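Beneath this line is the structure, given in structure tokens, with notes to follow.
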Amino acid sequence: QDSLLCTMSSTECRDLGRALCIITGASRGFGQTIARNMSRLVKPGSVLVLVARSGDDLRALQAELAESEAGRVGLVVECVVADLGQPDGLEAVVRRSQESFSEDLDHIILVNNAASLGDVSRYVKSFTNMAEVDSYLSLNVTSSLCLTASILQAFPQCPGLRRTVINITSLCALQPFRSWVLYCTGKAAREMIFRVLAEEEPDLRVLNYSPGPLDTAMQMSFSDMFAQGQLLTCEESCAKLMKVLLDDNYTSGAHIDIYDL
943 QDSLLCTMSS
953 TECRDLGRAL
963 CIITGASRGF
973 GQTIARNMSR
983 LVKPGSVLVL
993 VARSGDDLRA
1003 LQAELAESEA
1013 GRVGLVVECV
1023 VADLGQPDGL
1033 EAVVRRSQES
1043 FSEDLDHIIL
1053 VNNAASLGDV
1063 SRYVKSFTNM
1073 AEVDSYLSLN
1083 VTSSLCLTAS
1093 ILQAFPQCPG
1103 LRRTVINITS
1113 LCALQPFRSW
1123 VLYCTGKAAR
1133 EMIFRVLAEE
1143 EPDLRVLNYS
1153 PGPLDTAMQM
1163 SFSDMFAQGQ
1173 LLTCEESCAK
1183 LMKVLLDDNY
1193 TSGAHIDIYD
1203 L
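Residues in the sequence shown are numbered consecutively from 943, following the working numbering.
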């Protein structure tokens, strides 16, 4: 795997700098794979702030990364057990990120990965309960906007500091699917947040990355929407994401689908 990442560049093994990486939904699935891959691509002394609701899974990943080669050469891994749908969860992430920052870090990377599927068995006309819809949008849209805004305020633009914001998006942000109204709406709204952000903040690098239909517990429902056998592994999709980040020649705010790469 590491050698694969090194051969992506013909001249050298590239990296993401000495980074503070904040990854939401990091305890399993695609978020967990992002954490593992980023740990191998950041310089020693970097910090990973892993965020999820499941403390046990987070701590297991923390222990795994601490024992990895990256951990042995100085990677710091912090865990924040938090529900991002709640204000105190969001505040906990920002606070831990600020505490983990040091002057020798040169790259802030925020990965907005946390998301929920919602009820994908019902049609639009069944959603009469405002509280149910508000709750879904709070976790999947509002928290992503407010966390991003809070991190950008906590780490303002300054010379020598790169800032990258990644939104894990979906084909569902662009295309309607019957009975997927909450998920499609959440993904579409969320992607527009980051497209607007890219327009407003030209110094930021903003990426909407669509990882494709993944072979994870949450996304197994996708197998009904796509041809059988077309599910991708998290590793396959994450390797493509890491290459996009290392190449760093995408248009800020763009929607990049794994099938475009």
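All C-beta atoms, glycine included, are put in the ideal place defined by N, C-alpha and C.
Since we're looking at a predicted model, the values are computed, not measured.
The beta strand (DSSP E) with Y1151 in it runs from where to where?
From DSSP, the beta strand (DSSP E) with Y1151 extends over 1147 to 1152.
Burial state of V1123 (16 or more Cβ within 10 Å):
buried
State buried or exposed for G973, treating a residue as buried only when at least 16 other CB atoms are found within 10 Å of its CB.
buried
The alpha helix (DSSP H) spanning D1189 covers which residue range?
For D1189, the enclosing alpha helix (DSSP H) begins and ends at 1176 to 1189.
Enumerate, from N- to C-terminal direction, the unbroken alpha helix (DSSP H) stretches of 4 or more residues contained entirely within the region 961 to 1049.
Taken in chain order, the complete alpha helix (DSSP H) segments of 4 or more residues contained in the region 961 to 1049 are 971 to 983, 997 to 1008, 1011 to 1014, 1029 to 1042.
By the 10 Å Cβ neighbour count, where 16 or more other Cβ atoms means buried, how is E1045 classified, buried or exposed?
By the neighbour-count rule (16 or more Cβ atoms within 10 Å), E1045 is not buried but exposed.
Please classify S988: is it buried, with 16 or more other beta-carbons within 10 angstroms of its beta-carbon, or exposed?
So S988 counts as buried.
Complete runs of the beta strand (DSSP E) confined to the region 1052 to 1136 [at least 3 residues]
Segments of the beta strand (DSSP E) lying fully in the region 1052 to 1136: 1104 to 1110.
Going by alpha carbons, who is nearest to L1081 out of Y1125, R956, S1112?
When only C-alpha atoms are compared, the closest one is Y1125.
Hey, how far is the Cα of C1176 from the Cα of K1185?
14 Å
Rounded to the nearest angstrom, how far is the Cβ of A1091 from that of V993, given a contact under 8 Å?
About 16 Å separates the two Cβ atoms, so there is no contact after all.
Are the Cβ atoms of S1085 and G1027 separated by less than 8 Å?
yes
Mapping DSSP to helix, strand and coil, what is D1199?
strand
Where I1051 and D999 are concerned, what is the direct C-alpha to C-alpha distance, given to the nearest angstrom?
22 Å
If A961 and L1089 are in contact, beta carbons under 8 Å, what's the gap, nearest whole angstrom?
A961 to L1089, Cβ: 17 Å. No contact.
Using a threshold of 8 Å, state whether the C-beta atoms of I976 and V1053 are closer than that.
yes
E1074 to R1064 span [Cα, whole Å]:
Between the C-alpha atoms of E1074 and R1064 there is a straight-line separation of about 13 Å.
With DSSP as the reference, identify every bridge partner of L1156, one or two as the case may be.
BP columns for L1156 point to L1174.
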